[in-house]
Structure formats: structure tokens, C-alpha cells
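Quick note, the sequence shown lines up with residues 281 to 691 if you use my numbering.
Here the structure comes first, spelled out in C-alpha cells, and everything after it is commentary.
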Amino acid sequence: MTAPSLSSALAGRKVLLIIGGGIAAYKALEVIRLLSKAGAETMAVLTKAGAEFVTPMSLAALTGHPVRQDLFMPDDETAMGHIELSRWADLVVVAPATAGLIAKAANGMADDLASTTLLATDKKVLLAPAMNVRMWLHPAVQANVARLKGFDGYQGMAVVGPDDGVMACGEFGPGRMAEPPVILDAIARLLAGQDGRPLTGRTAVVTAGPTFEPIDPVRGLTNRSSGKQGYAVAAALAELGAQVTLISGPVALDAPVGVTRVWVEAATEMKAAVDAALPADIAVMSAAVADWRVDGVASGKIKKAPGGPPSLALIENPDILAGVSAPGPRRPKLVVGFAAETSDLAANARAKLSRKGCDWIVGNDVSDEVFGSDGNAVTLFTRNGDEPWPRQSKTQVARKLAQRIADHFKA
Ligand code: CTP
């Protein structure tokens with residue numbers, strides 16, 4: 281049964297249950313009942329084959345929500361689509377996960393609501409496979425399951441069961457769907473962050489890239505930040521299970537998998553986006569925010585004039601890091617800043633640590649080639665001392681930082 285500490289992980293949580301076509305589908309009804317008893321809310325997606333085994337009526341009665349069966353429901357504008365459904369949920373569970381559903385998910389096939397939702401989700405997915413023993417042991421199914429568990433860069437799907445036993449078809453062996461209390465326990469563990477990923481259940485806001493401060497509609501002030509380090513931090517935090525909002529200035533990078541990206545240009549927009557993303561447990565401010573913006577941005581293109589170039593009056597931008605670090609109920613538990621310095625790294629980084637009020641500073645010497653490069657040599661400055669890290673890739677720096685953050689929360 282679910283341990284008391286784990287069952288509390290279910291209260292108020294949202295589970296999207298995808299029900300495939302198999303005799304074990306009847307057990308999905310019991311999973312819903314147990315979830316609801318533990319205080320969790322469930323919505324159900326029923327595949328065409330699933331509807332041969334359980335009725336939409338019983339699912340609607342147990343979940344208290346209409347059951348979604350079709351990818352396209354032109355008559356029902358209020359129904360959630362595959363994207364909204366997967367965003368609504370804290371966790372997606374496939375029970376029973378048939379060989380067909382597993383094959384589709386493993387190969388990126390999306391031809392119905394269930395498979396499309398599985399491809400579109402940014403949430404952890406738990407599979408409860410159920411099929412005939414020969415099917416389960418077939419190398420094709422095993423290869424598909426292995427593939428789903430280990431998609432590089434993705435969080436990977438979790439699998440519960442199948443159990444050994446006599447099957448509905450009379451054969452014996454692994455293939456029976458895990459029992460509902462065992463599935464409930466697996467759901468609770470995933471929701472409680474006991475899935476081996478130390479930041480599951482934590483939220484993070486990360487800033488990255490340069491800001492662009494307009495002069496007029498066609499010109500602006502910016503800097504050479506590529507955003508690579510901040511994007512790598514966002515990806516590394518998400519890999520450890522955190523729910524990450526990445527506030528990005530203009531860069532040419534793809535959003536990391538599972539990360540919600542918010543595009544901004546000017547520092548004032550970045551500040552507003554960060555404020556909107558709070559509260560969060562973790563803030564990592566790696567953006568190269570322009571210190572100044574132009575006072576009185578011209579509404580039309582400034583033309584060359586005989587009197588010579590225009591003079592630009594600059595005003596100071598808000599310090600986003602200092603604002604996030606300021607004491608208050610919305611202050612993240614851990615605030616990490618970056619310091620890019622061309623001289624006196626330690627002295628400057630330490631001064632920033634106290635001036636801005638953040639908890640850690642990742643300092644790097646940018647006199648060496650850092651902007652746009654894939655490598656970085658940084659020192660982590662905390663209130664307990666300095667920790668120089670050897671030159672390594674930005675991805676490795678990010679993973680090390682994310683692990684340090686996870687250790688901090690564990691402690
Ligand atoms: N930062 C910020 N908002 C600003 C300026 C900086 O959030 N307006 C953050 C950066 O994202 C980084 C840290 O503050 O995490 C240090 O940025 P840096 O540009 O090195 O510091 P400055 O405050 O600009 O200090 P200086 O120009 O004196 O080096």
C-alpha cells in the first residue's frame with residue numbers, strides 16, 4: 281500500500297490517465313477511485329480500443345470530468361485539446377499501456393488523441409504495460425520500452441509492472457498490468473519526487489542571453505552574450521526534474537526540452553517576465569542585462585542630420601537580480617547570479633554577492649574567449665567560500681551547478 285508520507289503527495293495533484301485497449305482497462309477504474317480517495321483529480325483519455333473495454337460513462341462518473349476520446353471535437357469548443365490536457369496534468373499515466381500505444385510513443389507516431397498527447401506532454405509519463413506474455417517478451421516491445429525509458433535529453437518514461445501471473449488469455453508469465461495500489465504507489469513516488477530526480481516538484485526561473493535596448497524602431501544597444509550557458513542551466517535543472525521557466529533575450533537557440541521559454545527584448549521586459557514567473561524555489565540569473573537603456577526611445581527611425589550624430593541619453597536599467605534577491609515572501613529559496621569580469625574576478629564577484637544579496641555567484645573571467653564558445657572556466661562563490669571549477673563545456677558547468685543546487689535542497 282501507499283506509505284502515509286507518499287499518499288500526501290497525491291492531495292491536490294492532477295493526473296491525466298490514458299486508457300488503452302486491453303482487458304486490464306477495468307483496473308483503470310480502480311486507479312481513478314484510489315486517486316480520488318487520496319485527494320487527486322483525474323481526467324481520462326480513452327482510446328478507441330479502450331472504449332471496447334470500459335465505457336466513457338463510467339469514467340466520467342468516476343473522474344467527474346467529460347472523457348476525451350477524439351483528437352478533433354468540432355462540436356465541443358470547451359473541451360481541452362491534447363496540448364492543454366497535457367499541460368493541465370502534473371503527471372500522465374498510461375494504464376493499460378498496450379503494445380500498440382508503446383510502439384507509437386517510442387516512434388513518435390501521433391494519429392489519435394492518446395498518442396498525440398504523449399508526444400506533446402512536458403510532464404513525466406508513467407506506463408503500466410499490459411499485454412500477452414509473448415507480446416511483452418517480444419524484442420520489438422522490449423526495445424520500444426527501453427527506448428522510452430532512455431530518450432537522451434528527455435526525462436524518460438517510468439514503467440510500473442507488468443506482473444507475472446495467469447493472464448486473461450490463460451497463458452502464464454509477465455504481462456499482467458500492475459495492481460491498482462501498486463500503480464497508485466508509483467504515481468505518488470513520481471509526484472513526491474522519488475523518481476531519482478532530486479528537483480522534481482521544484483520550480484525554477486532562469487534568465488539567459490543579452491537584452492536589446494531599443495534606440496528607435498530599427499536600432500538598439502545589445503551585447504555579445506550567446507545565451508548558451510543560461511540555456512544549458514535551464515536544461516540541466518529540467519533534467520533533474522525542476523519545472524523551469526526560461527526568460528530569454530534574443531538568441532539563436534532552441535528551447536531545451538521540457539522548459540517553458542518566454543521571449544523578451546529589453547531589460548524592463550525581462551524584469552516583468554521574471555516577476556510574473558515568481559514565486560519559484562530557484563532563480564538563476566545568467567542573462568547579460570544591459571546596464572542602461574535609452575531615455576526617450578524615438579518612435580520613428582532617427583535620420584542622419586547635418587548637425588552630426590544624435591546624442592543618446594542613457595538611464596539605468598532595474599537590477600533584476602537584486603530585485604529577486606530582496607528579502608520578502610516571494611524571494612526564491614536559492615538565488616544564483618553570474619558575474620562576468622575581465623579583471624579581479626574574486627574581489628568583483630564577492631562584492632556582487634553582497635551588493636545584490638544573492639546566495640551564490642558563478643563568476644567567470646571573460647577576458648578569455650567565453651562569449652559564444654562552448655567552454656567555460658568558472659568559480660562558484662558562496663558564503664562558505666570559493667570553489668574554482670576547471671574549464672569544461674558549458675553543459676558540464678550547467679550540470680554541475682544543477683547538481684549543487686539539488687544538493688543544497690537536499691541539505
Ligand atoms: N543583472 C541583473 N540585472 C541587471 C544587471 C545585472 O539581473 N540590470 C544580473 C546578471 O544577470 C548577473 C549579475 O546581475 O547575474 C551580474 O551581472 P553583471 O553585468 O556582471 O553585473 P552589473 O551589476 O552590471 O555590474 P558591473 O557592470 O559593475 O560589472
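Note that CB positions come from ideal geometry on N, CA and C, so glycine has one too.
Exercise for the section: Compute every distance between the C-beta of Val-569 and the non-hydrogen atoms of the ligand CTP, then say whether any falls below 7 angstroms. Expected result: yes
Practice task
Using three-state DSSP, classify Thr-282 as helix, strand or coil.
Solution key: With a pLDDT of only 47 at Thr-282, under 50, the local geometry of the prediction cannot be trusted, and the value read off the model is given with reservation. Three-state DSSP puts Thr-282 in coil, outside helix and strand.
Practice task
Kindly examine the ligand CTP and report whether one of its heavy atoms sits closer than 7 angstroms to the Cβ of Ala-308.
Solution key: no
Problem - Cβ-Cβ distance between Asp-444 and Gly-453 below 8 angstroms - result: yes
Exercise for the section: Return helix, strand or coil for Met-565, following the three-state DSSP convention. Expected result: strand
Exercise for the section: Identify whether Arg-313 lies in helix, strand or coil by the three-state DSSP scheme. Expected result: helix
Practice task
Check each candidate in Gly-617, Gly-665, Val-646 and Gly-637 and name the one with the smallest Cα separation from Ser-623.
Solution key: Val-646
Problem - Proximity to Leu-558 [Cα-Cα], best of Ser-566, His-418, Pro-612 and Leu-526 - result: Pro-612
Handout entry: Close beta carbons around Val-480, own chain, < 6 angstroms, minus the five adjacent residues each side
Key = The identity of residue 480 in the sequence shown is Thr, whereas the question assumes Val. Once the five neighbours on either side are set aside, the close Cβ partners of Thr-480 are Gly-473 and Gly-521.
Practice task
With a threshold of 7 angstroms, establish whether the CB of Ile-600 neighbours any heavy atom of the ligand CTP.
Solution key: yes
Handout entry: Limits of the beta strand (DSSP E) - the one that Ala-619 falls within
Key = 614-621
Practice task
Examine the ligand CTP and report whether any of its heavy atoms sits within less than 7 angstroms of the Cβ of Asn-656.
Solution key: no
Practice task
Count the other CB atoms, across all protein chains shown, that sit within 10 Å of the CB of Ser-653; report buried if there are 16 or more and exposed otherwise.
Solution key: exposed
Exercise for the section: Could you tell me whether the segment 339-354 touches the segment 370-386, where touching means 3 or more Cβ pairs closer than 8 angstroms? Expected result: no
Exercise for the section: Could you tell me which residues DSSP puts in a beta bridge with Gly-445? Expected result: Gly-453
Exercise for the section: Decide yes or no for the touch test of the segment 366-374 against the segment 337-344: beta carbon pairs closer than 8 angstroms, at least 3 of them. Expected result: no
Handout entry: C-beta atoms of Ala-657 and Val-513 nearer than 8 angstroms
Key = no
Problem - Beta carbon proximity, Ala-578 to chain B, threshold 8 angstroms - result: Among the chains of the structure shown, chain B does not appear; only one protein chain is present.
Handout entry: Nearest-angstrom beta carbon gap, Val-574 and Glu-493 [assumed within contact, 8 angstroms]
Key = 6 angstroms
Handout entry: Straight-line Cα distance separating Met-323 from Asp-230
Key = The question about residue 230 has no answer, for the chain in this structure spans 281 to 691.
Practice task
Please go through the same chain and pick out, in chain order, the residues whose beta-carbon is closer than 7 angstroms to the beta-carbon of Leu-471, but skip the five residues on each side of it.
Solution key: Ala-289, Leu-290, Arg-293, Asp-370 and Leu-371
Exercise for the section: Look up Phe-689 in the DSSP assignment and say whether it is helix, strand or coil. Expected result: helix
Handout entry: Minimum C-alpha distance to Leu-326 - residue among Trp-669, Ala-308 and Phe-689
Key = Ala-308
Handout entry: Contact between the segment 527-534 and the segment 571-588 (3+ Cβ pairs under 8 angstroms)
Key = no
Exercise for the section: Would you mind sorting Pro-589 into buried or exposed? The rule is 16 or more other CB atoms within 10 Å of its CB. Expected result: exposed
Exercise for the section: Out of Ala-606, Cys-638, Trp-572 and Lys-384, point me to the one whose CA is closest to Thr-491's CA. Expected result: Trp-572
Handout entry: Arg-679 versus Ser-591 - alpha carbon distance
Key = 44 angstroms
Practice task
Decide if Glu-519 is buried, meaning its Cβ has at least 16 other Cβ atoms within 10 Å, or exposed.
Solution key: buried
Exercise for the section: State yes or no: is the C-beta of Ala-438 nearer than 7 angstroms to some heavy atom of the ligand CTP? Expected result: no
Handout entry: Sequence-distant residues of the same chain with beta carbon closer than 7 angstroms to Val-446, five excluded per side
Key = Phe-452
Problem - Euclidean distance between Cα positions of Ile-685 and Leu-314 - result: 34 angstroms
Handout entry: Gly-655 - DSSP class collapsed to helix/strand/coil
Key = strand
Problem - Per-residue DSSP class, three states only, for Arg-427 - result: helix
Problem - In chain order, each beta strand (DSSP E) run of at least 3 residues that lies wholly inside the segment 538-612 - result: 540-543, 562-565, 572-574 and 594-596
Handout entry: Cβ-heavy atom distance, Ser-566 to the ligand CTP, below 7 angstroms
Key = yes
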